[in-house]
Amino acid sequence: MQTLNRSNRCLKLRSIQSLVRLNHTKSTSNTPLEDSHSARTTSFGFRTVPEDLKESLVKNVFDSVASKYDLMNDATSFGVHRLWKDTLVSSLRPGRRGPMKCIDVGGGTGDIALRILDYAKDNHYDRETTVEVVDINAQMLKEGYKRFKQTMYHNTPQISFHEANAQDLGSEKFKDNSYDLYTIAFCIRNCTDISAVLKEAHRVLKPGGTFACLEFSRVSNPLLETLYDQYSFTVIPMMGTILAGDRDSYQYLVESIRKFPPQPQFAQMIRDVGFTTGKDVDGGAWVNQWGGIACIHTGVKL
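Letter 301 of the sequence shown, counting from 1, is numbered 301 in full-length UniProt numbering, and no numbers are missing.
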């Protein structure tokens with residue numbers, strides 16, 4: 001039954017993608033760009049799709065991979081993603097200046113939130129820092145809730161889970177100038193409108209608050225880039241098939257990395273919404289991890 005369910009999910013994703021291509025062809029062939037909302041397009045991996053359909057396509061991907069997400073991250077990165085997440089949180093030093101109000105967006109599985117709370121507790125004896133975990137995908141949030149049921153933070157004010165869209169969190173629930181720290185890890189490249197996500201991050205942060213993004217990025221060394229590409233496009237989709245029964249979703253995840261803006265371009269996008277950053281060099285506006293396979297971007301709201 002489990003194999004059948006996985007096959008159905010993959011079939012559903014392929015069917016939706018085929019329908020998207022068909023609908024997009026029909027809508028753009030007869031309708032002027034300025035008159036058709038569906039004519040506005042964006043990338044879904046290497047495919048071009050109507051903007052208003054990307055969200056549902058991405059949701060299907062993460063519905064499919066949610067239960068195996070942590071396992072696949074460990075397998076495909078040989079556990080290195082854990083080191084990158086540790087580096088992100090330790091560089092932010094939550095709790096150093098007292099309790100913080102944090103929001104972790106796209107953090108459904110709860111691994112960044114748990115690191116924040118543990119770091120504050122273990123390094124600064126802080127049991128008052130809070131993290132609100134936000135994700136658009138209910139299945140991912142369920143995984144995070146299960147993770148936290150095994151911790152001391154379960155059923156405490158320090159952790160909460162919310163289903164919301166990173167591009168429009170909602171000003172009633174997530175108020176302006178409310179948070180000291182906004183984190184988003186391996187999520188923003190999956191959003192339809194990256195600039196809208198950044199604007200929301202700027203809106204909800206307090207003046208002096210920090211925006212921190214961990215995302216896959218561009219490799220600077222040509223040899224490493226070649227090896228990384230070969231590994232990504234051959235081994236990772238194969239692992240998706242073997243471990244999660246879902247090649248298509250992991251093929252998309254690999255492709256989405258290549259469509260994400262390079263470090264200088266993303267740093268400028270962060271500045272364009274009002275954040276201040278360091279200089280456009282590694283160690284300034286961003287800090288490369290493993291030669292740029294992943295990258296930490298930070299900005300401060302003035």
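Every residue, glycine too, gets a C-beta built ideally from N, C-alpha and C.
Inter-residue spacing [alpha-carbon to alpha-carbon] between Ser127 and Gly45: Working through the sequence shown from its first residue, we reach residue 127 at position 127. Working through the sequence shown from its first residue, we reach residue 45 at position 45. It should be pointed out that residue 127 corresponds to Arg in this sequence rather than to Ser. For Arg127 and Gly45, the distance between alpha carbons rounds to 41 Å.
Bridge-paired residues (DSSP) for Asp135: Against the sequence shown, residue 135 aligns to sequence position 135. In the DSSP output, where bridge partners are listed per residue, Asp135 has Glu163.
Beta carbon of Phe228 nearer than 8 Å to that of Ile293: Translated into positions along the sequence shown, residue 228 becomes position 228. Translated into positions along the sequence shown, residue 293 becomes position 293. According to the sequence shown, residue 228 is Tyr rather than Phe. Yes, these two residues count as a Cβ contact at 8 Å.
Sheet register partners of Ala212 (DSSP bridge): Here residue 212 is taken as the residue at index 212 of the sequence shown, counted from 1. Looking at the DSSP assignment, Ala212 forms a beta bridge with Thr183, Thr298.
Simplified DSSP state of Asp104, which is helix, strand or coil: Within the sequence shown, residue 104 is the residue found at index 104, counting from 1. Asp104: strand per DSSP, three-state reduction.
DSSP three-state assignment for Pro50, whether helix, strand or coil: Stepping through the sequence shown from its first residue, residue 50 is reached at position 50. If DSSP states are grouped into helix, strand and coil, Pro50 belongs with the strands.
Limits of the alpha helix (DSSP H) - the one that Trp84 falls within: Looking up residue 84 in the sequence shown gives position 84. Run containing Trp84: 80-92, per the alpha helix (DSSP H) assignment.
Thr298 CB to nearest heavy atom of the ligand MN below 7 Å: The ligand content of the structure shown is nil, which means the ligand MN is not present either.
Alpha helix (DSSP H) segment containing Asn73, residue limits: The residue you call residue 73 lines up with position 73 of the sequence shown. From DSSP, the alpha helix (DSSP H) with Asn73 extends over 69-77.
Gln265 versus Arg258: straight-line alpha-carbon distance, rounded: Within the sequence shown, numbered from 1, the residue matching residue 265 stands at position 265. Within the sequence shown, numbered from 1, the residue matching residue 258 stands at position 258. Roughly 14 Å between the two C-alpha positions.
Local conformation of Val219 per DSSP, three classes: Counting from one through the sequence shown, the residue named residue 219 turns up at place 219. Note: Val219 maps to coil in three-state DSSP.
6 Å Cβ shell around Val80 - same chain, five flanking residues per side excluded: The residue labelled residue 80 in the question sits at position 80 within the sequence shown. No residues qualify anywhere along the chain.
DSSP bridge partner residues for Leu205 (one or two, in chain order): Residue mapping note: residue 205 aligns to position 205 of the sequence shown, counting from 1. DSSP, once it has assigned bridges, lists Tyr179 as partnering Leu205.
Residue interval of the beta strand (DSSP E) (run including Ser171): In the sequence shown, the residue the question calls residue 171 occupies position 171. Ser171 -> no beta strand (DSSP E), and no H or E assigned at all.
Close-in-space but distant-in-sequence residues of the same chain around Leu88 (CB under 6 Å, 5 per side omitted): In the sequence shown, residue 88 corresponds to position 88, counting from 1. Excluding residues within five positions, the ones whose Cβ falls inside 6 Å are Leu214, Ile296.
N-terminal and C-terminal residue of the beta strand (DSSP E) that Thr42 is part of: Translated into positions along the sequence shown, residue 42 becomes position 42. From DSSP, the beta strand (DSSP E) with Thr42 extends over 41-44.
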